[in-house]
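In terms of the working numbering, the sequence shown opens at residue 15 and continues consecutively.
Positions of the beta carbon are idealized from the N, C-alpha and C atoms, including for glycine.
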Amino acid sequence: MDISSVIVGARPEGAQQVKQLLEAIDGVEVHTVAEDGRMIVTIESASEQDTVKTYEVISQQPGVLSASMVYHQVESNPDEEV
15 MDISSVIVGA
25 RPEGAQQVKQ
35 LLEAIDGVEV
45 HTVAEDGRMI
55 VTIESASEQD
65 TVKTYEVISQ
75 QPGVLSASMV
85 YHQVESNPDE
95 EV
């Protein structure tokens, strides 16, 4: 399992619409939307290739001004207790 965190930027007046578009993407969760249009978003996917594809889909959504991946972790056994 891959888990990534992305900071997404949008215009403040269009941020809620962008949030709805992002939340419709499989594996994407929007955690917060700031007043200036920035969002904290996570991607959960089965592979690194799926993460890259999802990141590209996020970047190409109408209203997205920027998308910066700030964290990426690969868990080989996500159900294993540490």
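For the set I17, V22, M15, D16, the Cα lying nearest the Cα of Q74 is the one of V22. Annotation for S73: no beta strand (DSSP E) segment contains it, though the alpha helix (DSSP H) segment containing it runs 62-73. Taking C-alpha positions only, Q30 is separated from V47 by approximately 8 angstroms. With distances taken between CA atoms, G51 lies nearest to L79 out of E89, L79, G41, L35. In this structure, DSSP gives E49 a state outside helix and strand, which the three-state scheme calls coil.
With a beta-carbon spacing of about 4 angstroms, T65 and D16 fall inside the 8 angstroms limit used to define contacts.
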